[in-house]
Each structure stands twice: as structure tokens, then as C-alpha cells.
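Chains as they are written, first to last, in this note's numbering: chain X, 1 to 100; chain H, 101 to 265; chain D, 266 to 903. Where a beta carbon is used, it is the ideal one built from N, C-alpha and C, also for glycine.
Structural data, given as C-alpha cells:
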């Protein structure tokens, strides 16, 4: 049986790759995908813990996370489309003025 | 079993890196789909067949298709991303690695003794068990999530619509 | 609970004026003057009728005292303080004076205040005043009495500053309020001491406890009575807290008549009389009361000699007469003091309303130097004023004669020097009153008022009734040797426990002799002034316009008491406040707060530069923070 630590390391690595992607890239679509990657690393950890605890509540939780992220993606992509209509580019830097 | 885990883990890491470093968004999407498949494989290994199925359907089947649609429809594939200076990229990569290292080190240093709360149960993660839990304990959240979807749907339509509403 | 009719009447009594206040105060702006007048006077009339009913019932012996507990006001551990009313002969006499004189003054005000913009407000305030005054005399515990006491102070403040657009009137109102507060502090401390000593505020319980504890002149009871007397000094304008009353004349004249002559200022007398059990146990306090009363009577009388404002003369006269009342109380002659309260309410209200009539007729002229010769122009007012003057001077058969004579007689038994001073005071009273009469009504016309504002019936009727009462009111308390002193007899149940009166009574001969001596002296003063008034007047008018010799300048300027108070108390306090404002408040507290605020502001200004809008940087900082935390864990943990 695979020790739990290995699942932890795997999800940490995936999470950090996602975070690094957000840092490196400026294309909003890719940023979005990196966020999904980070979410999935957390999901993986939850499922692993669920198995090791023999408790399926964590899997229900993962289920709801997927649910929410599906909703989030649909709204997020809609926002992206709207932004693209205003300025025909997906560069995140162009929207700095949203800070205020 | 173990071999399957390590193969899947390595391919997941590699494909995730490919997502980040791919030149074109379409490639990124395709690499991400691969990553999701490897994660689904991990779910299967973890005896969570139902979640594996849902994962493939929702992520690979729905969300990524949505991404592809947006990229294709807006014709975003032409890479116009300005290249950041090298020292900045270096900073960022080092930052990500440092985070990773500190987290791994933290887990490593903590006297992490894992003791399961419940006895091992092979039927955890089966559709039957999940269904019973979902509809007994989480029925309210389940119903409310439909409201969330409704709101997301309306929001998406309103945001993406051209012109005045 | 079965209430007798008397109890219901008692409970309703104070709340009728309150209802009048509510109606006039809330909807008065929309009413016509007639409606306001009917509401205002009607509520007092009903109260008066109820008072008469209670008085009659009491006379016929259907009850000795009547009590009604409306509700528990402040529930405390041992015996809650109730909102309960009580009427005994002492309260009933005060009740009749308040509602009776109050009714007449309300009626008079309808004519006097006609056309004033604040007509409704005026009647609302007057009704509120009557409510609080009734609460004061009907309370059966110190706390409720104090509520009424504060309430009348409030109404006095509101009515002195009634014409609030005039800044000096506002200053007068504030002065009265602050002076009263200084007195109230004493009252309040006295109440604390009473609760502390006797564990109750209820009159019956306190007095019983004090009487059974006995021990005349012990320190506690002297402290209590001195503190209560301090409160009474504030309300009744005695030395050293008298300076607010002359300034209070800024209010409309009916207010001066009702509040600052007939009723509110006698609250102090009522308080002392109500607490006579305590005061009788403290002979030391009584001698203080006597001394203060005599001093005030004399001091105010000398000031009144030189005033040129018709209302100021009457105001100082009021202070002086209140001094007489306190002098009576100080000798333990509570009935004599109350008798003077009653007759004084009649003739001083009459004099104020008469002065109001003059002021009204002369288009708000108050300066005596611009009057003169009004005898032929305003014959009705002149006759009224003459009655009032004779009554206050103490001419036989007028009411003031009997009451003042009783006081003088009691003081003579007690203290000859005090009697001598009060006797001089009585002569001075006669002198300044006839001076007032002469300046206003006799001699030649000095003003240039061509057309006089006519008086209507609502103003004439109260004057006539009060004139009659000033004339006949004294028969309620004929000298004791006649055996017909009704008031003494009526009030005897209240003061039955006064043991101070055990000194040998004066023989009839001495009493009559004293009486004759006083009357002759007063008559002599009148003869002297009346025969030479022309010469005196011209000399005085010349002097008043020019420079006065020092012995006249001193009382004419009120002995500079206000100036001394200003220099010794007000200015140091102002300076201290200014110092605290500038140093403690502005520099330390404000400075501290402003400095902290400025620091936060500048820190914020610097911090907002971090918010560049570049999410890469945000995330980078976040990651750095997270790494830092984990690093900390790695280094410190395990």
C-alpha cells in the first residue's frame, strides 16, 4: 500500500506547479487552467485522506468542489469573453485598473 | 499497484509542467486533459470509482470542452503573450520551487504518525455508499447546489450576451 | 383595590394639568387662542375644583390624610419607592394656593399674552409647571418631591427664557438654572444622607425613625437639615443663592407672578415645613435658618429701595418676604411661615399682575423713571396696586398685617435682635413699596405714552379676586389671643409634634403693644413719604440719573454681589475650563487621537502603493508569506 505521505507530496507538487503557472503566465485562460490544476491537487489529497480514514464524507466534499468549480468556470469564462470584447486581448496586465 | 501509482504520479507532474510551459493555449488545454486523466487514474487506485467517473465527465468532458470552445471561438490561439524578462521568470520559478520545498520539508519534519480513525473498509467510495451518505446527510447542500448552478447559468448568459440586457 | 372617591380625586389632581400640557404642547400650534386658553385654564380649573373638594372633605372630617399609591416607581430591596401621592392639611393649603392663584394667573395670561407668537407654548409650559408643583406638594416621599422640585426648576428655566431670541433673557434663564442646580446638589446630598441614616425616603418612615431615634442636635441630623436647607435656599432665593431671582424677571410677568412670587419660590418653605420633625430636632439648623432669613430680608429690602425697574423692586421684595418666612421657620413657628406664604401669594401675585397691567398698558415699559402720574390714567390698576401695597406694608385688617405680625411676634419671643432687624425690614418694606407706588402712579407724567393698551375682562377679573383675597385673606389667621386663629387650628394635626413652642407665651398686653408700635411706625413711614414724596422724588430722580453717594451706590448696585460671584467663582471656573480645554483636551486628548489617526493615514498612504493591480505580485507575496510560515514551522517545529 502506498503511504499517505506520497499522496501529500504529489498534491503539493501539483499545487506548486499550478501556483508557478499563475505567476509565470499572463494569458488569462492559462491562469484559469492553472487554478483548476491547484483545485484538483486539493481534491486528490481529500480523496486520499478519505480512503485512509475510511470515511466517505471527504469524497462527498470533493463532489461538491467539482460542482462549484464547474459553476465557477462557466461564470469565469463568461467574464473572460466579456473582457475580450472590451479589449481584444487576454493579457491580464491590461486590466490593472480593476484594482480600484 | 505501487508501480501504477508512480507512473501516474510522474505523468501527472510532467503533463502539469507542460500545461504551464506550453506555448499555445490549445496545447495547454490538451495537456491539462491528460493531467486530469492521470488524476482520475489515482482516484481509481484509491477505490473511488464514482468520483473518477464524475471527474472525467465534469472536467475532461465539460470544463475543458468549454475552455476549448472559448479559445476557438475567440480565436485566441495566436500566441501574443509578451515575454517577461528572464530574471523575472527566474524569480517566479524559484518562488514556486521554494514554496514546494518548504511544504515538503514541513511535512517531513513533522512527526507525522498516521492512524486511521475507522477500520479499513473496502466499500468506501462505491456508488452505493456515496449515494446513501449524499442523500442522507448532505441532501440540503445537494439541493442548494442546484440553485448555485441556476445562478451561474443566468450569470454566464447575462455576462456573455452582447449589447444591453 | 378599593379606592375612595377622595383617592381618585387625589390621583387625578396633578394629571389634569399634565393633560393640558400634552394637548397644548402637541397640537397648540393649530389651535386658536381661545381654544388654547380654554384648555389651559380648564385643566387648572378642574384641578382647583378637585382641591376644593378634597379640602372640604378634609374639613368635614371624612379623612385626616389621604394617600394613593399609583405604582411602584423604583423597586429596591427594603421597601420600594412608590409613585404615591398624599394629601394632609399642609398639602391641602398649598394645593389651594397653587391651583387657586394658578387659575387666576392663567386667566390673566390669556389677556396678557394675547397675540404673542408663543401663546400655545406659554400655556403648555404653565400647565407643566402646575403639574410639577402639584407633584412637589403631594409627594409622600423625598424622591417624588425631588422630581417635582426639579420639574418646577425646569419650567422656571423654560419660562424665564420664554422670549428666547433675547440673549440676555437666555443668560438669566441659565443663571436661574445653574443657581437652582447648586441648591439641588444640597438637597440631593441630604437625601442620600437620609437614605443612609434611616434606610427610607418615605416621609412617614423617615420622620418616625428620626423622632424615635431622638437625640436632638446630633451631627447627622444637623447635617441632613443643613443640606435640605441649602436646597431650600436655592429654590427660595435666600443668601447666598438669591441672585437668580431678580434676573428671573426676564420672563413674562404672569410667570414672575406665578413662579417667582406665589408658588415655586415657596417650595423651600414647604420643604422645611414638611420636614419640621427633622428641623425641630436640630435647633442649631433652626438658628441658621433664622439668621439667613433675617439677613436676606434686610439685605433684599435695602436693595429694593434703589431699583428703577418696576419688576426688580417687586423681585427684591419677594426675596425679602421669603426671608421673613424663613425667619418664622427658624423660630419654629411653622404655621406663621406658611400663613405668610399664603398671604404673600395673594398680595405679591396681585402686585406682579398689577405691574404687568402697567407694563401691558405702557407697551412693555418697565422703567419707573418713565412712568408717573398713572393714577388718573389707569385708575383701576392704581386701586389694585394700592390694595397690594397696603397689604404688603402690614396695614391692619389687610392680610399682610396679620401674617407679618405673627412672624414678628414669634421672632420677638425668640430673639430680640432678630426682631429688631425684621422690624427695620418691615419699615423698609413700607418705604420701598410706597416709593414704587409714588413713582409709578403719583406726581407728574414723565413718560410719553399717549395711547394706553386697554385691559380686557380676563385680566381685570383675576386682579379683582386677588385684591379681595389680599384684603381678606388675613382673617384665616387672626392673632392667637383672639382664639380665632383658624389656620393654626387647621394645621395643628400636622405640627402636633412640634415641641419647640413651649416657651412662655407673651401676654396679651405685650402683644397688643408690639402690634400697635409696629403699626404706628409703619404709618409714620407712610405719612413721612406721602407728605414729602414730591421733594423726595425729584431729588431721587436727579440722583439716579447722576452720581450717587457711596452709601446709596452700594445697595443700588446690589452690593456688587453678582460681580463678586463673578470674580470669585465664575471666572476661576471659566479659567480652569479654558485651561482644561486648551491643555487637557486640545493638546493631550485631541493631540493623541489626531496623532494616531495621522499615523494610520500616512501608513495607509504608503501601503496603498503596494496595491499595484498586478496579480502576479499579489500571488508572489502570498506565496512568499506561505513559504515563510512553513519555513518557520520547519525551523521551530518538530
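{"Item": "Taking the beta strand (DSSP E) that residue 339/D falls in, what are its first and last residues?", "Value": "331-339"}
{"Item": "Taking only the alpha-carbon atoms, compute the straight-line gap between residue 122/H and residue 131/H and give it to the nearest angstrom.", "Value": "8 Å"}
{"Item": "Using a Cβ distance threshold of 8 Å, determine whether the stretch 581-589 of chain D contacts the stretch 557-571 of chain D, with at least three qualifying pairs required.", "Value": "yes"}
{"Item": "What does residue 172/H reach in chain X if we use C-beta pairs closer than 9 Å?", "Value": "Neighbours of residue 172/H on chain X: none; closest Cβ ~11 Å, over 9 Å."}
{"Item": "Going along the chain, which residues of its own chain have a beta-carbon closer than 6 Å to the beta-carbon of residue 854/D, five neighbours each way excluded?", "Value": "none"}
{"Item": "Determine the burial state of residue 561/D: buried for a count of at least 16 other Cβ atoms within 10 Å of its Cβ, exposed for fewer.", "Value": "buried"}
{"Item": "So, are the CB atoms of residue 611/D and residue 552/D less than 8 Å apart?", "Value": "no"}
{"Item": "Which chain X residues sit within Cβ distance under 8 Å of residue 843/D?", "Value": "The contacting residues do not exist; residue 843/D stays about 46 Å from chain X at best."}
{"Item": "In whole angstroms, what is the alpha-carbon distance linking residue 196/H and residue 150/H?", "Value": "33 Å"}
{"Item": "Near residue 654/D, which residues of its chain fall below 7 Å by C-beta distance, leaving aside the five closest residues on each side in sequence?", "Value": "698, 699 and 702"}
{"Item": "Cβ closer than 8 Å: which chain X residues qualify as neighbours of residue 209/H?", "Value": "Simply none; closest approach about 12 Å."}
{"Item": "If you reduce the DSSP assignment to three classes, tell me which class residue 43/X lands in.", "Value": "helix"}
{"Item": "In chain X, what lies closer than 7 Å to residue 137/H by C-beta?", "Value": "Ordered by position in chain X, no residue passes the 7 Å Cβ test against residue 137/H, which lies about 11 Å from the chain."}
{"Item": "Name the two residues that bound the continuous alpha helix (DSSP H) containing residue 429/D.", "Value": "That residue, residue 429/D, is in no alpha helix (DSSP H); it is neither H nor E in DSSP."}
{"Item": "Can you tell me where the beta strand (DSSP E) holding residue 367/D begins and where it ends?", "Value": "Per DSSP, residue 367/D belongs to no beta strand (DSSP E); it is in the alpha helix (DSSP H), 354-377."}
{"Item": "Flag this pair as yes or no: are the beta carbons of residue 229/H and residue 43/X separated by less than 8 Å?", "Value": "no"}
{"Item": "Work out the CA separation of residue 866/D and residue 414/D for me, nearest whole Å.", "Value": "51 Å"}
{"Item": "So what's residue 348/D in DSSP terms, helix, strand or just coil?", "Value": "strand"}
{"Item": "Would residue 141/H be called buried (16 or more neighbouring beta carbons within 10 Å of its own) or exposed?", "Value": "buried"}
{"Item": "Quick one: list the residues of chain H neighbouring residue 67/X, beta-carbon separation under 7 Å, in chain order.", "Value": "245"}
{"Item": "Closer than 8 Å between beta carbons: that is the criterion. Which residues of the stretch 869-886 of chain D meet it against chain H?", "Value": "881 and 885"}
{"Item": "Starting from the C-beta of residue 617/D, find all residues in its chain whose C-beta is less than 7 Å away, skip the five residues before and the five after it, and write them out in chain order.", "Value": "518, 521, 522, 526 and 579"}
{"Item": "Note down, in chain order, each residue of its chain lying with its Cβ closer than 7 Å to the Cβ of residue 8/X, except the 5 sequence neighbours on either side.", "Value": "45"}
{"Item": "Any Cβ of chain D within less than 8 Å of the Cβ of residue 23/X?", "Value": "yes"}
{"Item": "Check each candidate in 535/D, 395/D, 473/D and 424/D and name the one with the smallest Cα separation from residue 281/D.", "Value": "395/D"}
{"Item": "For a contact defined as C-beta to C-beta under 7 Å, what are the partners of residue 82/X on chain H?", "Value": "259 and 260"}
{"Item": "Along chain X, in chain order, which residues have C-beta atoms closer than 9 Å to that of residue 193/H?", "Value": "20, 23 and 24"}
{"Item": "What residue range is occupied by the uninterrupted alpha helix (DSSP H) comprising residue 647/D?", "Value": "644-658"}
{"Item": "Taking the alpha carbon of residue 787/D as the reference point, which residue from 660/D, 673/D, 721/D and 896/D has its own alpha carbon closest?", "Value": "660/D"}
{"Item": "Nearest by alpha-carbon distance to residue 424/D: which of 386/D, 412/D and 432/D is it?", "Value": "386/D"}
{"Item": "In the DSSP output, which residue or residues are listed as bridge partners for residue 27/X?", "Value": "91/X"}
{"Item": "At a Cβ cut of 9 Å, what residues of the stretch 33-49 of chain X count as close to chain H, listed as they run along the chain?", "Value": "33, 34, 36, 37, 40, 41, 43, 44, 47 and 48"}
{"Item": "Quick check on this structure: which residue in 536/D, 557/D, 628/D and 512/D has the alpha carbon closest to the alpha carbon of residue 489/D?", "Value": "536/D"}
{"Item": "Output the distance between the C-alpha atoms of residue 85/X and residue 896/D, rounded to the nearest integer angstrom.", "Value": "44 Å"}
{"Item": "Starting from the C-beta of residue 317/D, find all residues in its chain whose C-beta is less than 8 Å away, skip the five residues before and the five after it, and write them out in chain order.", "Value": "361"}
{"Item": "Where does residue 574/D fall in DSSP's three states?", "Value": "strand"}
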